[in-house]
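Line order of the protein sequences matches chains A and B. By this note's numbering, the letter at position 250 of the first sequence is numbered 860, and the numbering carries on one by one without gaps. By this note's numbering, the letter at position 349 of the second sequence is numbered 1605, and the numbering carries on one by one without gaps. Taking it in order: structure first as structure tokens, then the write-up.
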Amino acid sequence: MGRIAGVTAAETRERLLCAAADIFAERGYDGTRVADIAAAAGVSNGALYAHFASKAELLVQALRAHGRRLLAEAFAADPDRSITDLLLVVGRWLPRRRDARGYLVVEALLAARRDEDVARPMRTYVGERADMLADLMRAAQAGGELDPALSPNALAHFCLLLAMGSALISPDLHAVGPREWAALLARVVAGLGTTGPQDGSDDVKLQIDTDRCQGHGRCYDLAPALFGEDDEGYGQVLGDGTVPPGKEQDARLAAANCPERAISVLEEQ
Amino acid sequence: MSVDDRFTQDFRDTAGEEPLGTRNDIVTGPVSDWATDFSHVEPEWSADPYPIQDELRQRCPIAHTERFGGGWLPTRYEDVAAVAYDPDHFSSRAIIMSNFRPPLDEAPVGGSPPISSDPPFHHDARKLLLPAFTKASVARQEPATRAFCHSLIDAFGDRPVVDAATDYAQHIPIRVIADMLGFPPEDGPRFREFVENTLEGVNQEPDERIERMQQLFDYLLQQIRDHLDHPRDDLTTFLINAELYGSKLEADHVAGTMALLLIAGIDTTWSAIGASLWHLAKTPQDRERLVAEPALLPTALEEFLRAFAPVTMARLVKEDMHWHGVDMKADDWILLSFPAANRDPAQFDRAGEVVIDRKVNRHAAFGLGIHRCVGSHLARMELRVALEVWLERMPGFSLADPSAVTWSAGQIRGPRALPLRIGG
């Protein structure tokens, strides 16, 4: 079996990364054979090695392509929000259940402990994440959102620990209530600011945990002014999730009727 | 007209050597103790499973049976949800608890993807179907569904007694799914046979059961070939052309998914419509309130789905394990009773009552987790339209003969005979 007719090299690469992400996430690094990934992607071993030099490279590339990218997604969803808001939105998501690929990073970190071939690209990967976070911190300091006296690198390290820790302490091992967690994060971020705790509005905000939502559609049935469905029937918060005055009851009704408990109603302070 | 060589051979030929799988002795007859010998196909269960489930939830929340080669029945919401959320330990390789377990290598695809599939394949097979079954997509079927419901009632003429199960509820999902798949509407009676064979014939001899399943697949192949010759804008043509991982679907996948859509779409919705009308026929205050307040119907409908959830699923335990206090063996069945979960007092206030204005109703009638019923939006639309039209045309009705009401056996439960007296 060689290259599949009509399939470009880029498609083959993407198919391999997709298969690798699923199989590594399911079986771990040691439990995965390169041949299984090739077979799942429908290509030969030879074709796989034409794209990726080693199993280690495949793992780290799969992580880059299909690992969780909450920050990038949250930024894309609303580029205009402040950096501290962005970090808070991401932080609130961390303790929630993720799909199998969301745990790929755990497999990669574990493999990096034992295998220098994995450790090398993982150092690069983690280093890039830390740099990106540190840049974000500097921007927040320049914008007066965070205290410039704090080390951007220490702040970035702190965020990385939360992110990686949340992959290790899954909700099955230990869970935290979304509101309690959101309240704690808000306090931490306020403490890192230049002006102490911020005085905010009393906005009510809605969030859907996309890892939990299964598209039952109760939210957009019950509160069509606040929720919509995407092309696959999954629920979406309309706008930036701020609940217009007078719609708070609808928001709570939708959250209370979600069979998957995927909706959070956040009372911001 | 291009030849699609996926469908040139009959499934009977390609099946070749019959899949091995595991068969066990068929055990029927009265249940001695529901905690140790349960069976969901015995008449006592189909007549009224709720007291049995309520009693088990108190006494032995995860019941066991040696029938069907061994299986478990969790009755608490918490346990049902835990199974539904854990595809790592509970496989969907088979979802009808019977006396035959398909071979292990059928996972993760299974015979009727995606309901029979496990991760990671499940996600991709399901994703193919989702766009066709969103609320917005199924809304396109609503005008035809409404017109069809009216035509069924027109056909009642001035008969004083009609059977709401066989003269009304049954025909609605059959017509809708036949339209969506692009099957001839006059084949409806055959679909009913296929459904009964699949869902109610679980204690047939395995060879007989396999033969009957093959009749279904013979029919599907005939429809696929007709669509190859005459492509049209429907789900069958869509599945024939659909691609996964860069290639067209395997023939078994196409036919398996068609079988799923046909079987799963019919009995379930038929049951939900029938059970709702049964409740309204025997509860005049609820019927009168809904006639007076049609805006309450969407809320009431959720309560009917909770209280009379038609669908129970099944799973197979993947490996021996100690789970929530019981010792499960690999390949034990789990009878995944969403109806039992929906009546757990730990989860719902007044769990045993039908409260048509229940505001908070986090029921599990369409399942929980990754296997949430793909057709739930379609089912809700059909149920709502069927009840709206019925209540508009015939606001007064009652049970003509309570003792003549019969219920289906097996994992899909709903009225199969429901004589109603019209008027009053």
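Note that beta-carbon positions come from the ideal geometry of N, C-alpha and C, so glycine has one too.
On the CB-based measure, 16 or more other CB atoms within 10 Å of its CB, does residue i come out buried or exposed?
i                  : result
Glu-870 (chain A)  : buried
Gly-775 (chain A)  : exposed
Pro-855 (chain A)  : exposed
Asp-632 (chain A)  : buried
Gln-1471 (chain B) : exposed
Thr-1390 (chain B) : buried
Arg-1382 (chain B) : buried
Leu-669 (chain A)  : buried
Asn-1497 (chain B) : exposed
Arg-637 (chain A)  : exposed
Asp-1289 (chain B) : exposed
Met-742 (chain A)  : exposed
Pro-1307 (chain B) : exposed
Among the options, whose alpha-carbon lies nearest the alpha-carbon of residue i?
i                  : options                                           : result
Ala-923 (chain A)  : A:His-767, A:Met-747, A:Leu-770 and A:Phe-768     : In this structure chain A extends from 611 to 879, so residue 923 (chain A) is not present and cannot be described.
Arg-623 (chain A)  : B:Leu-1674, B:Tyr-1501 and B:Phe-1653             : B:Tyr-1501
Ala-660 (chain A)  : A:Asp-646, A:Ala-744 and A:Ala-619                : A:Ala-619
Arg-1357 (chain B) : B:Ile-1282, B:Asp-1485, B:Pro-1376 and B:Gly-1625 : B:Ile-1282
Cys-769 (chain A)  : A:Ala-752, A:Leu-802 and A:Ser-780                : A:Leu-802
Ala-740 (chain A)  : A:Gly-652, A:Val-728, A:Pro-762 and A:Leu-756     : A:Pro-762
Val-1417 (chain B) : B:Ala-1537, B:Pro-1330, B:Phe-1447 and B:Glu-1322 : B:Ala-1537
Leu-1476 (chain B) : B:Gly-1438, B:Met-1353 and B:Arg-1599             : B:Gly-1438
Ser-1295 (chain B) : B:Leu-1329, B:Gln-1314 and B:Cys-1316             : B:Leu-1329
Val-853 (chain A)  : A:Asn-867, A:Glu-842 and A:Leu-876                : A:Leu-876
Val-653 (chain A)  : A:Asp-640, A:Ala-864, A:Glu-683 and A:Glu-621     : A:Glu-621
Gln-1397 (chain B) : B:Leu-1495, B:Gly-1679 and B:Arg-1640             : B:Arg-1640
Thr-1278 (chain B) : B:Ser-1372, B:Ala-1392 and B:Pro-1359             : B:Pro-1359
Phe-1263 (chain B) : B:Gly-1285, B:Leu-1495, B:Ile-1371 and B:Pro-1441 : B:Leu-1495
Ala-766 (chain A)  : A:Gly-737, A:Leu-778 and A:Gly-753                : A:Gly-737
Phe-1377 (chain B) : B:Asp-1485, B:Ala-1395 and B:Ser-1348             : B:Ser-1348
Gly-1679 (chain B) : B:Arg-1415, B:Arg-1332 and B:Ala-1548             : B:Arg-1415
Cys-628 (chain A)  : A:Asp-819, A:Cys-829, A:Gly-677 and A:Ala-666     : A:Gly-677
Ser-1632 (chain B) : A:Arg-724, A:Gly-827, A:Arg-702 and A:Ile-779     : A:Gly-827
Gly-843 (chain A)  : A:Gly-849, A:Glu-858, A:Thr-820 and A:Asp-860     : A:Thr-820
Tyr-830 (chain A)  : A:Tyr-639, A:Leu-696, A:Ala-865 and A:Asp-782     : A:Ala-865
Leu-1561 (chain B) : B:Leu-1674, B:Thr-1321 and B:Ser-1527             : B:Ser-1527
Asp-841 (chain A)  : B:Pro-1387, B:Gly-1512, B:Pro-1375 and B:Asp-1344 : B:Pro-1387
Ser-692 (chain A)  : A:Glu-717, A:Arg-723, A:Ala-749 and A:His-784     : A:Ala-749
Ala-1635 (chain B) : B:Thr-1331, B:Gly-1325, B:Glu-1644 and B:Thr-1525 : B:Thr-1525
Tell me residue i's beta-bridge partners as DSSP assigns them.
i                  : result
Arg-1357 (chain B) : B:Thr-1278
Ser-874 (chain A)  : A:Gln-817
Gln-846 (chain A)  : A:Gly-838
Pro-1675 (chain B) : B:Asp-1419
Leu-1329 (chain B) : B:Ala-1319
Ser-1654 (chain B) : B:Arg-1677
Thr-852 (chain A)  : A:Lys-815
Phe-1324 (chain B) : For Phe-1324 (chain B), which the question treats as bridged, DSSP gives no partner whatsoever.
Phe-1346 (chain B) : B:Val-1573
Ile-1466 (chain B) : DSSP output for Ile-1466 (chain B) lists no bridge partner at all.
Asp-1663 (chain B) : Reading off the sequence, residue 1663 (chain B) comes out as Trp, not Asp. Answer is B:Pro-1671.
Which runs of the alpha helix (DSSP H) spanning at least 4 residues fall entirely within the region 1478-1542 of chain B, listed in chain order? 1491-1497 and 1507-1538
Every unbroken alpha helix (DSSP H) inside the region 756-802 of chain A [4 residues or more] | 762-778 and 788-802
Fill in: Contact the region 1563-1573 of chain B vs the region 1582-1591 of chain B: 3+ CB pairs below 8 angstroms
yes
key: Complete runs of the beta strand (DSSP E) confined to the region 1377-1435 of chain B [at least 3 residues]   = 1417-1419
Worksheet entry | the region 1535-1549 of chain B in contact with the region 1457-1466 of chain B per 3-pair CB rule at 8 angstroms | no
*Entirely within the region 1562-1630 of chain B and at least 4 residues each: give me those alpha helix (DSSP H) ranges in chain order.*
1594-1597
Inter-stretch contact (C-beta, 8 angstroms, three-pair minimum) for the region 1399-1408 of chain B and the region 1419-1434 of chain B: yes
Does the structure place the region 644-654 of chain A close enough to the region 712-723 of chain A that three or more beta carbon pairs sit under 8 angstroms? no
* Asked: What are the complete alpha helix (DSSP H) segments, minimum 4 residues, inside the region 667-737 of chain A?
  -> 680-687, 693-703 and 714-724
| request: Give a yes or no on contact between the region 1641-1661 of chain B and the region 1502-1511 of chain B, applying the rule of three or more CB pairs nearer than 8 angstroms. | output: no
ask   = How about the region 1334-1346 of chain B and the region 1443-1459 of chain B: do they share at least three Cβ pairs that are nearer than 8 angstroms?
value = The region 1334-1346 of chain B, when compared against the region 1443-1459 of chain B, does not touch it at the 8 angstroms Cβ threshold.
Note to self: Does the contact criterion of 3 or more C-beta pairs under 8 angstroms hold for the region 1299-1319 of chain B versus the region 1343-1357 of chain B?
What the structure shows: no
Any contact between the region 1599-1608 of chain B and the region 1658-1667 of chain B? By contact I mean 3 or more CB pairs, one from each, below 8 angstroms. no
Okay, do the region 1360-1368 of chain B and the region 1627-1646 of chain B touch, 3+ Cβ pairs below 8 angstroms being the bar? no
Original post:
Any chance the region 1550-1566 of chain B sits against the region 1611-1620 of chain B, with 3 or more Cβ pairs inside 8 angstroms?
Top reply: yes
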